[in-house]
Amino acid sequence: MYPYPSYHYFYRWHRRPSRLLWFVLGAGAATLFMKHREAARMNGRSYWGYCQRHPVNYGPVPPQSRIAQWREETENWKPSPPPAVPVGASVYEGNHTNGFREQEWDAEKEKMKAFGKQAQDAMTDMSEATLDSLLTTVTTLKQVRSGHFASAYPHHVQKLAQHRAQREQQEKLLEEEIEQHKKHPPRFV
């Protein structure tokens, strides 16, 4: 193809770095930048400062560690018996905040019931509208087929009637041809 074959082979074996290499380098640089930014947000502005010394906390040291305290608490734990409630009494009688929460819960239940009722009514209306339009379409098609609809849309109905008549005539001719063909099959010999 080329007038000098060496020109073609020179660039074939000594190309620039591939796109994959540049993609990997760019992805690495972007990752490094994002990690640096994230670390700078968490540790303050001077994340990369090597000469900075963090202050040491010389607070009082507890005699026991938190793990030992936790173990001691869990070993000595005994479930408390449930409070005795009279049969007719409510657990929430004396607590006004729980009564308020119950009222909120009841209000939410009522809202959800109203929302469900509204959705049910909307679906019922939509299905009724769909059935009405379907019924209207069917009655219109019946009227067009029987020819009673000609006065409302004369131009369209006349075209439909003409096409229907032509189709019926072609079907009759085809049926007659098939019957003639069955009665008198062609002789090829």
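Counting in this note's numbering, the sequence shown runs from 194 upward without gaps. A virtual CB, placed ideally from N, CA and C, is assigned to each residue, including glycine.
Can you look up H377 in the DSSP assignment and give me helix, strand or coil? coil
C-beta atoms of V331 and L353 nearer than 8 Å: no
Under a three-way DSSP split, which group does S326 fall into? helix
Coil, strand or helix - S211 by DSSP: coil
DSSP state of N236, grouped into three classes? helix
What three-state label does DSSP hand V217 in the structure shown? helix
Span separating the alpha-carbon of L214 from that of M235: 32 Å
Pairwise C-alpha distance: A307 and V298: The amino acid occupying residue 298 in the given sequence is Trp; Val does not appear at that position. Taking the straight line from one Cα to the other gives about 14 Å.
Taking DSSP as the reference, what is the three-state secondary structure of V382? coil
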